[in-house]
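Chains as they are written, first to last, in the numbering used here: chain E, 1 to 504; chain Z, 505 to 756.
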């Protein structure tokens, strides 16, 4: 075969030499891709590649890609609202450093291994450098083995399993816990990988996914002592966190709400089917443990920090074996439908999810079980443009709310008084403009909740003058009444300066 | 009557042959074109130099395969760090519908579609467009042959075609090397007929029994930017049909 090709090339070469005879400039030469011994046929101006073994494809060699980035910011509160030593005082300054380093090895076309480490350092202080505190947190990032076959792709290990159509807001996208301590980063940065087994494949026009998360991992959150904590001053039972030493405060938080975790292997299951076409439509089912503890607290226990009498009573009851506090993770079904399509220059993503039982909290922070329907529609950019944009609407309906019930943060106090269905609406928008060959970006991210008229707004300026390096300055403002979703955090307005560098 | 019919049939056959020939040349040229390497996997370096003289470098691997009569092109970026892991799947569309372009974004771990209106725009900030990846901007069957010319001293077929509704181009003139079917030069005009881009093959290299453009240049004549593409590595593709699906975009 090689010999025949070689002869053909030798025959072709003189013919071309003849064609080019009347041309002053020599014709462009053909070189070989692999190193080879050049053979120039007598009477030919064309250098041809001898068809030798050197032309054979090289055998497969593993590929190794190392990747990583680091980011840091410092933030300063724009209003030093709380004086020193008060309960749940706010942080007025904060610094964070995060780093990710990973290696992606493709052993063969069918086997791939990814191993990624993450670490973050955080320091924060209250007014006058009171309660200076911080933590260092190493964690495993993406760490999985992939096996690819023509029918099924299998992934085992620590991973992210995206579900639903909307990248940031799909209610079905619930297998991965979130780091609720994040407020300055991108929404996707808050999703934490979990150990899971995931298989996906195609059946004609249908693509399918099945996932099993055997071990439970809750959301990461601050309960108190930090600006993102769920116990803000508006919280009905103020907690005197000044009695807790800052050096141990951060390490208590992870488990402070829980008294029981799901047993190993009693984990999460997900199935998803998607039909691809001009309009992608799909459905999914998730059966999972809620990622936020369902906390039942004895009323007297809540007063123990502020009342000596209550503290003594609680002590007596505890000594007699009474259960005063319980925190476990409820089990939940999510039945979802999704769709996405290109419309003009953007992509429309729609998700609708029904849950027969979900944990909510009433105004006294008592857990209540309710069914819920959540819907999300987003229109986001699908084209390269100097104007960057996305608009999302999230709605939620929670029927069968009792006359005396009011869902914490989701509805105003005026909602109580008669049995009703709670409705929650949220609009999230992003608009930006990219200037000077994409080296400079001005953007605003905003969220508005119309029922209680609370909102947050975050303008940002980003400069990317050096490849891989982004430097930004931004601000975060929260407004609304103290029991509204954004007003609850309204004392935490701040300005930030930071940078991110992708170094591989 | 019979003579008229026979002559008509011969004429029709010769016209059909001419059309088929132009379409065939166009198809072969497309397979050896800028980023469409049927049956091969190439590692490519793209250096884009803006009007201000600043250069930006990207490295990607590119593969192409014909599945069910449709060209499927896959590109995976490895450099720079900001786009590492991004993968682009381009599936040739039906006549007049434009190609179907899907983009895998590793940060989101999700696949997103590229808007039809965007397919004439820059491919990952280079002077190649998404439309250039899967096609040469026109449909093979709409291509006409013009008088042959020489480019870089090599005899070339000259083809002319009009971009369809989904194409970013109004008219495309292609100079295809007679010996190798490599497009030596392609001139693109916008919908208003104004010169838009010019593609040139700078170096030819041989791989087994095929010859391909090892170095090429795409110049945007309106923005004065240019992208030079160099084939760093070339090998036979071992990828199956399943590698050219949205599912496989995350494979890295």
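Cβ coordinates follow ideal geometry from the N, Cα and C atoms, glycine included.
Neighbouring residues, chain Z, relative to residue i (Cβ below 9 Å)
{"i": "residue 98 of chain E", "result": "The contacting residues do not exist; residue 98 of chain E stays about 14 Å from chain Z at best."}
{"i": "residue 227 of chain E", "result": "In chain order: nothing, as chain Z lies at least about 26 Å away."}
Exposure of residue i, with buried meaning 16 or more beta-carbon neighbours within 10 Å
{"i": "residue 740 of chain Z", "result": "exposed"}
{"i": "residue 255 of chain E", "result": "exposed"}
{"i": "residue 110 of chain E", "result": "exposed"}
{"i": "residue 484 of chain E", "result": "buried"}
{"i": "residue 53 of chain E", "result": "For residue 53 of chain E, the predicted structure reports a pLDDT of 31, less than 50, and the residue's modelled location is therefore unreliable. A value from the coordinates is still provided. It is exposed - the Cβ of residue 53 of chain E has fewer than 16 other Cβ atoms within 10 Å."}
{"i": "residue 748 of chain Z", "result": "buried"}
{"i": "residue 251 of chain E", "result": "exposed"}
{"i": "residue 270 of chain E", "result": "buried"}
{"i": "residue 487 of chain E", "result": "buried"}
{"i": "residue 163 of chain E", "result": "buried"}
{"i": "residue 265 of chain E", "result": "exposed"}
{"i": "residue 217 of chain E", "result": "buried"}
{"i": "residue 176 of chain E", "result": "buried"}
{"i": "residue 229 of chain E", "result": "buried"}
{"i": "residue 158 of chain E", "result": "buried"}
{"i": "residue 576 of chain Z", "result": "buried"}
{"i": "residue 132 of chain E", "result": "exposed"}
{"i": "residue 150 of chain E", "result": "exposed"}
{"i": "residue 736 of chain Z", "result": "exposed"}
{"i": "residue 161 of chain E", "result": "buried"}
{"i": "residue 8 of chain E", "result": "Residue placement at residue 8 of chain E cannot be trusted, given a pLDDT of 32 that sits under 50; what the coordinates show is reported in the next sentence. The residue is exposed, with fewer than 16 neighbouring Cβ atoms inside 10 Å."}
Sheet register partners of residue i (DSSP bridge)
{"i": "residue 71 of chain E", "result": "E/98 and E/500"}
{"i": "residue 333 of chain E", "result": "E/287"}
{"i": "residue 423 of chain E", "result": "E/397"}
{"i": "residue 576 of chain Z", "result": "Z/569 and Z/595"}
{"i": "residue 272 of chain E", "result": "E/209 and E/284"}
{"i": "residue 343 of chain E", "result": "E/346"}
{"i": "residue 626 of chain Z", "result": "Z/633"}
{"i": "residue 653 of chain Z", "result": "Z/660"}
{"i": "residue 436 of chain E", "result": "Note: residue 436 of chain E sits in no beta bridge, so no partner."}
Residue i: CB within 7 Å of a non-hydrogen atom of the ligand SAM
{"i": "residue 569 of chain Z", "result": "Ligands displayed in this structure: none; no statement on the ligand SAM is therefore possible."}
Partners in chain E for residue i, counting only beta-carbon separations shorter than 9 Å
{"i": "residue 636 of chain Z", "result": "The contacting residues do not exist; residue 636 of chain Z stays about 14 Å from chain E at best."}
{"i": "residue 611 of chain Z", "result": "186, 188 and 189"}
{"i": "residue 626 of chain Z", "result": "384"}
Under 7 Å from the C-beta of residue i: neighbouring residues of chain Z
{"i": "residue 170 of chain E", "result": "Under the 7 Å cutoff, chain Z gives no residues; its nearest Cβ is about 10 Å from residue 170 of chain E."}
{"i": "residue 347 of chain E", "result": "616 and 617"}
{"i": "residue 419 of chain E", "result": "Those within 7 Å of residue 419 of chain E in chain Z number zero; the least Cβ separation is about 40 Å."}
{"i": "residue 106 of chain E", "result": "756"}
{"i": "residue 468 of chain E", "result": "584, 585 and 586"}
{"i": "residue 207 of chain E", "result": "751"}
Below-8 Å beta-carbon distance, residue i vs any chain B residue
{"i": "residue 102 of chain E", "result": "Any reference to chain B falls outside this structure, whose protein chains are E and Z."}
Residue i, enclosing beta strand (DSSP E) - first and last residue
{"i": "residue 289 of chain E", "result": "279-289"}
{"i": "residue 251 of chain E", "result": "It is not in any beta strand (DSSP E) - residue 251 of chain E instead sits in the alpha helix (DSSP H) that spans 246-252."}
{"i": "residue 724 of chain Z", "result": "714-724"}
{"i": "residue 197 of chain E", "result": "194-203"}
{"i": "residue 140 of chain E", "result": "133-148"}
{"i": "residue 378 of chain E", "result": "367-381"}
{"i": "residue 347 of chain E", "result": "346-361"}
{"i": "residue 771 of chain Z", "result": "This structure cannot speak to residue 771 of chain Z, because chain Z is shown only from 505 to 756."}
{"i": "residue 297 of chain E", "result": "294-297"}
{"i": "residue 687 of chain Z", "result": "687-693"}
{"i": "residue 158 of chain E", "result": "152-159"}
{"i": "residue 120 of chain E", "result": "111-126"}
Interface residues of chain Z facing residue i [CB-CB closer than 8 Å]
{"i": "residue 150 of chain E", "result": "744, 745 and 746"}
{"i": "residue 461 of chain E", "result": "Those within 8 Å of residue 461 of chain E in chain Z number zero; the least Cβ separation is about 18 Å."}
{"i": "residue 157 of chain E", "result": "Neighbours of residue 157 of chain E on chain Z: none; closest Cβ ~14 Å, over 8 Å."}
Start and end residues, alpha helix (DSSP H) containing residue i
{"i": "residue 453 of chain E", "result": "Run containing residue 453 of chain E: none; DSSP gives neither H nor E here."}
{"i": "residue 732 of chain Z", "result": "Unbroken run through residue 732 of chain Z is the beta strand (DSSP E), 729-740; no alpha helix (DSSP H)."}
{"i": "residue 312 of chain E", "result": "308-319"}
Per-residue contacts from residue i into chain E (C-beta, under 8 Å)
{"i": "residue 732 of chain Z", "result": "Neighbours of residue 732 of chain Z on chain E: none; closest Cβ ~16 Å, over 8 Å."}
{"i": "residue 649 of chain Z", "result": "Those within 8 Å of residue 649 of chain Z in chain E number zero; the least Cβ separation is about 19 Å."}
Cross-chain neighbours of residue i in chain E, by beta carbon under 7 Å
{"i": "residue 749 of chain Z", "result": "202"}
Q. If contact means a Cβ-Cβ distance below 8 Å, which residues of the region 655-675 of chain Z contact chain E?
A. 656, 657, 658 and 659
Q: Give, in chain order, every residue of the region 187-204 of chain E whose Cβ lies closer than 9 Å to some Cβ of chain Z.
A: 188, 189, 191, 200, 201 and 202
Q: Could you list the residues in the region 583-607 of chain Z with a C-beta less than 8 Å from some C-beta on chain E, going in chain order?
A: 584, 585, 586, 588 and 589
Q | Contact list for the region 709-729 of chain Z against chain E, Cβ threshold 9 Å | A | 709, 710, 711, 712, 713, 715, 716 and 718
Q.
Which residues of the region 539-559 of chain Z have a Cβ closer than 8 Å to any Cβ of chain E? Give them in chain order.
A. 554, 556 and 558
(Q) If the cut-off is 7 Å on Cβ atoms, which residues from the region 76-95 of chain E count as contacting chain Z, listed in chain order? (A) none
Q.
By the 9 Å beta-carbon criterion, what residues does the region 61-76 of chain E contribute toward chain Z?
A. Answer in chain order: 63, 65, 67, 68 and 69.
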